[in-house]
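**Q** If you want this note's numbering, it's the position in the sequence shown, counting the first as 1, plus 3. Where a beta carbon is used, it is the ideal one built from N, C-alpha and C, also for glycine.
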Amino acid sequence: MNILRKDKKDEESGIFNPFQGIDKSTVLQESRVFHDTPINTRKCIHILSKVLYLINQGTHIGTTEATETFFAMTKLFQSKDVTLRRMCYLAIKELANIAEDVIIVTSSLTKDMTGKDEGFRAPAIRALCRITDSQMLAGIERYLKQAIVDKNPSVASAALVSSLHLLKPNFDVVKRWVNEAQEAVSSDNVMVQYHGLGLLYHIKQNDRLAVSKLITKQARQSLRSPYAYCLLVRIAAKYIDEDPENPENTPLSEFLESCLRHKSELVIYEAARALVNLKSVKSKDLDPAVSVLQLFLSSPRPTLRFAAVRTLNKVAIMQPQSVMVCNLDLENLITDVNRSIATLAITTLLKIGNENSIDRLMKQISTFMSEISDEFKIVVVEAIRSLCLKFPRKHSVMMNFLSSMLREEGGFGYKKAIVDAVVTIIEDNNDAKESGLAHLCEFIEDCEHTTLATKILHLLGQEGPRTSTPSKYIRFIYNRVILENAEVRAAAVTSLAKFGAHCDALLPSILVLLSRCMMDTDDEVRDRATFYYHVLRKEDKQLASSYILNTLSVSIVGLERALAAYLKEPTDKPFDMKTVPIATVPMHDQKAVKTSGESTGVAQKASTTSVTTRQDVYAEQLAAVPEIAALGPLFKSTSKPIQLTESETEYVVSCIKHTFADHMVFQFNCTNTLNDQILENVTVQMETGDEAEVVNYIPCHVLKYGTPSTTYTIVQYPEDAATVSASFTCTLKFIVKDCDPGTGEPDDDEGYDDEYVLEDVEMVVADHVQGVVRTNFLASWDEIDDENEMEETFALSSMSSLEEAVTKITQFIGLQPCERSDRVPEGKSSHTLLLAGVYRGGIDVMVRSRLALKDGVTMHLTVRSQDPIVSEVVMSAVG
């Protein structure tokens with residue numbers, strides 16, 4: 004008892020854990036007391052508690068140790084003490100997956116399960132089902148079916164929940180218990196009814212018709228349990244979402260609306276939440292659910308207020324107009340004593356607010372920001388960012404508010420959210436650039452986070468030189484060289500170099516500052532300063548653009564692979580950077596990735612991330628195929644598979660195009676959806692009337708049911724380098740062997756040839772180029788002289804807006820928009836789209852497209868590259 008006793012000081016110091024620091028070997032040694040006679044009940048309970056604590060803390064207990072402890076514990080079944088016996092059941096459940104021969108206690112558990120002691124029956128059922136396998140289940144099936152309909156609610160619930168655990172590995176056995184589960188649904192006990200409905204649904208969930216009948220039947224019977232009603236609401240909503248266009252869904256939608264009038268608030272909220280989250284929901288259908296949630300906003304119960312405002316917060320993202328009727332109620336919640344509710348209320352108001360209400364909302368937010376946690380502050384920041392993008396003219400009010408938040412105390416996550424918000428606003432709204440940069444400059448004066456400091460310095464180097472007075476940022480940047488750690492100093496040096504490369508008037512001053520940095524104590528800072536100093540001193544615009552303004556846009560993983568291949572065999576040829584794949588978007592985020600830190604510099608550390616990209620994965624897979632590995636380095640892979648069949652057909656095929664220097668590899672991912680067939684020697688035969696030539700097929704040897712596999716077709720480009728487009732008809736060819744659906748074994752060795760027609764596949768200009776971001780487009784444009792320049796004017800009569808034209812042009816040409824030129828300012832009748840990238844073979848290509856809107860879109864397209872044929876090819880993408 005001394006261990007469990009706490010005095011007042013302990014209570015004030017925090018939570019007391021009596022098992023803190025216990026040793027596994029000591030506890031297992033103590034478990035020998037289980038063999039003692041008579042049984043010391045109190046001591047055994049304490050030791051079992053320690054064993055359970057160790058397991059739940061993730062402490063590794065070996066099979067031998069667990070088995071010895073388990074067998075020692077079985078002696079405790081002699082005790083009639085209820086607490087000790089129930090601790091034994093818990094220990095059996097935890098040790099079942101570790102110890103061996105746990106089935107030895109089956110007879111004891113079966114006896115307790117069918118005995119008269121009500122305190123033992125329910126936990127015995129749960130423990131028994133944990134150690135039961137498919138062979139043992141037949142022996143206790145009768146007892147479980149009886150337990151499901153037992154008059155004792157705890158026994159019936161235990162049996163129903165255990166049946167759910169047994170369902171997946173023993174579906175054929177458990178599905179025979181439908182009648183018992185149906186009887187449980189008719190029980191007077193709310194939990195038994197809830198668990199019974201859950202089991203019944205999981206047994207029938209793969210049969211849509213059976214599920215529909217279940218919902219209809221239970222809706223008519225008026226379930227007594229609010230928990231069962233909530234489950235029925237979720238089942239109905241899931242059923243509707245799986246096939247939103249089904250006319251049979253109308254009665255289910257009516258059922259959900261009827262639940263809005265239920266006597267239980269729990270059911271009413273669940274129905275409202277289900278209605279607003281339906282995939283096919285329309286704005287007018289939201290009104291009944293929003294009205295109910297609006298009533299909950301004024302509930303005296305904090306849980307209801309929180310649930311309602313959180314749901315409305317989500318609705319406001321997609322359907323802000325529907326939530327506007329709740330404005331007054333939401334404003335009343337801003338002063339709610341529960342700050343979580345207040346935060347959600349204010350963020351909801353921000354999402355549905357109009358331009359005139361922004362000033363008032365900002366004042367209301369400022370009154371309680373200091374009282375909420377960083378987690379909720381981040382929610383507010385995200386809402387402000389969205390609002391600023393929605394109403395760009397109000398950027399000054401919101402930017403000032405965000406800057407004041409930056410000056411307050413807060414953790415890294417909170418500060419990062421604010422910085423990301425300011426950066427997004429700067430990039431989206433050119434008018435907010437200078438004020439945003441000024442706020443960030445003030446922040447880095449006292450910034451404690453290296454990651455944020457380097458991110459801001461990178462942004463200053465990128466955006467600062469383009470402002471009206473770039474010189475005002477130099478002081479803030481150079482202060483970082485004097486006051487910060489080496490990583491921040493290195494980023495500051497690169498930022499200074501960008502000002503020198505971009506602004507001729509500042510170059511002499513930048514050279515002086517860089518010369519001082521050349522005496523830094525850190526070698527990374529010295530190397531960067533020395534390199535940039537000597538590049539800038541030559542006053543060569545092209546040199547500065549190549550090595551300072553434009554980053555090295557190669558894949559780090561690809562660079563490592565190319566260097567490893569170069570070093571394998573001795574050669575006199577210098578390493579060619581053009582053989583390295585261009586950097587692509589990481590697999591976890593296919594949207595545009597913004598650099599989070601400094602990314603330019605000769606001595607840049609590659610630790611910035613060998614993030615695996617989709618192309619890196621493809622390159623590794625293709626290198627394992629000898630016929631493809633011989634084609635050389637991979638230049639580009641398409642980001643999304645092209646579907647060549649419908650998803651419901653017997654053979655599902657999609658295509659990914661891989662671009663190499665002289666060949667294109669078509670990767671066909673195939674899935675056989677017929678369980679009574681095995682396909683062998685699977686290929687996709689491609690034919691074309693164009694000049695491209697199919698040179699090799701790499702078959703998939705076996706395509707089993709439900710197991711995706713791959714076949715490749717290799718196409719050589721036409722001899723005419725200016726011809727890069729072609730259209731192919733595709734036919735899936737294979738040998739079919741009938742097989743046993745159960746085992747998958749073929750009926751005989753003989754098969755027959757068959758084929759399946761697929762959709763056509765095209766090779767287009769965009770397949771031959773890889774987009775690259777050029778930080779300073781004008782400098783990069785001047786790097787490529789006008790010797791191979793081509794110009795042409797097009798009338799894009801089919802396009803009705805500049806935004807549509809920008810999207811289509813970018814898609815056809817396949818290059819990367821630069822300097823945010825893919826964003827067309829509102830109300831403009833003319834716009835210039837800047838595109839940059841690399842053509843296969845490592846040839847730089849730049850495009851400037853001047854667009855004018857008048858009776859359709861007129862485009863003046865100018866293309867520059869290092870090769871006249873490449874200019875012609877890129878021009879043909881539009882023409």
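(1) Pairs of beta-carbons, one from the region 671-690 and one from the region 701-718, closer than 8 Å: are there three or more?
(2) Between the beta-carbon of Q719 and the beta-carbon of N791, is there less than 8 Å?
(3) Is it buried or exposed for P573, if we count other Cβ within 10 angstroms and need 16 for buried?
(4) Kindly indicate which three-state DSSP category S52 falls into: helix, strand or coil?
(5) Would you call the CB atoms of V384 and A424 closer than 8 Å?
(6) When the Cα atoms are used, what is the spatial distance from V105 to T70?
(7) In the DSSP assignment, find the unbroken alpha helix (DSSP H) run with I151 in it and report its ends.
(8) In terms of alpha-carbon separation, which member of L140, N192, P156 lies closest to R179?
(9) Check whether the region 818-835 touches the region 745-759, counting contact only when three or more Cβ pairs, one atom from each stretch, lie closer than 8 Å.
(10) Helix, strand or coil: how does DSSP classify C733 here?
(11) Buried or exposed, going by whether 16 or more other CB atoms sit within 10 Å of the CB of V877?
(12) If you drop the 5 nearest sequence neighbours on each side, which residues of the same chain put their C-beta closer than 6 Å to that of E653?
(13) Report back the beta-carbon spacing between I320 and T346 to the nearest angstrom; my notes put them in contact at under 8 Å.
(14) Using alpha carbons as the reference points, say which of T67, G65, G24, L87 lies closest to R45.
(15) Compare the C-alpha of T853 against each of D847, E144, L836, Q32 and name the closest.
(16) How about C658 and V764: do their beta carbons lie closer than 8 Å?
(17) My output table needs one value for I344: the three-state DSSP class, helix, strand or coil.
(18) Assuming L864 contacts H834 under a Cβ cut-off of 8 Å, what Cβ separation, rounded to an integer in Å, is found between them?
(19) What does the alpha-carbon distance come out to for the pair A609 and Q297?
(20) I'd like to know whether the C-beta atoms of Q465 and T778 end up nearer to each other than 8 Å.
(21) What does the Cβ neighbour count give for E273, buried or exposed, with the cut at 16 atoms within 10 Å?
(22) DSSP state of G201, grouped into three classes?
(23) V739 to Y759, Cα distance in whole Å?
(24) Within a Cβ cutoff of 7 Å, which residues of the same chain sit near A435, ignoring the five residues on either side of it in sequence?
(25) Rounded C-beta distance between I344 and P305? I'm assuming under 8 Å.
(26) I need the DSSP call for T691, collapsed to helix, strand or coil.
(27) Flag this pair as yes or no: are the beta carbons of L57 and M90 separated by less than 8 Å?
(28) Could you compute how far the alpha carbon of N155 sits from the alpha carbon of R227?
(29) Return the chain-ordered list of same chain residues with a C-beta closer than 7 Å to the C-beta of Q23, the five sequence neighbours on each side being excluded.
(30) Find out if the Cβ-Cβ distance for the pair V655, T674 is shorter than 8 Å.
(31) Within the same chain, show all residues whose beta-carbon is closer than 6 Å to that of V164, passing over the 5 residues directly before and after it, in chain order.
(32) Residues in the same chain with beta-carbon distance under 7 Å from Q208, minus the five sequence neighbours each way, listed in chain order, please.
(33) Output the residue ranges of the alpha helix (DSSP H) runs that lie fully inside the region 461-533 and measure 4 residues or longer, sorted by chain position.
(34) In chain order, what residues of the same chain lie with their CB nearer than 8 Å to the CB of R223, ignoring the 5 residues before and after it?
(35) Who are the near neighbours of D665 in its chain, counting only those whose CB is closer than 7 Å to its CB and skipping five residues on each side?
(36) Which value, in whole angstroms, describes the spacing of the CA atoms of R540 and A504?
**A** So, from the listed chains and residues:
(1) yes
(2) For the pair Q719 and N791, the CB atoms are not nearer than the 8 Å cut-off.
(3) exposed
(4) Helix, per DSSP.
(5) yes
(6) 8 Å
(7) 137-151
(8) L140
(9) no
(10) Reduced to three states, the DSSP call for C733 is strand.
(11) buried
(12) T676, L677
(13) With 8 Å as the limit, I320 and T346 do not qualify as a contact, their Cβ atoms being about 16 Å apart.
(14) L87
(15) The sequence given here places Arg at residue 853; Thr does not occur at that position. The option with the nearest alpha carbon to R853 is L836.
(16) yes
(17) In the structure shown, I344 sits in a helix (DSSP, three-state: H, G or I).
(18) The beta-carbon separation of L864 and H834, rounded to 13 Å, does not stay under the 8 Å limit for a contact.
(19) Low local confidence applies: a pLDDT of 33 at A609 is under 50, so the model's placement there is unreliable, with the coordinate-based value given in what follows. Approximately 53 Å, taken between the alpha carbons.
(20) yes
(21) buried
(22) Assigned with DSSP and collapsed to three states, G201 falls in helix.
(23) 12 Å
(24) H398, M402, I428, I429
(25) Contact check for I344 and P305: beta-carbon distance about 7 Å, within the 8 Å limit, so the pair qualifies.
(26) coil
(27) Pairing L57 with M90 gives a Cβ-Cβ distance that is not under 8 Å.
(28) 18 Å
(29) Answer for Q23: no residue qualifies.
(30) yes
(31) Within the same chain, V164 has close Cβ partners H198.
(32) V214
(33) 477-486, 489-505, 510-520
(34) Hits under 8 Å: none found.
(35) Q719, Y720
(36) Rounded to the nearest angstrom, the two C-alpha atoms are 10 Å apart.
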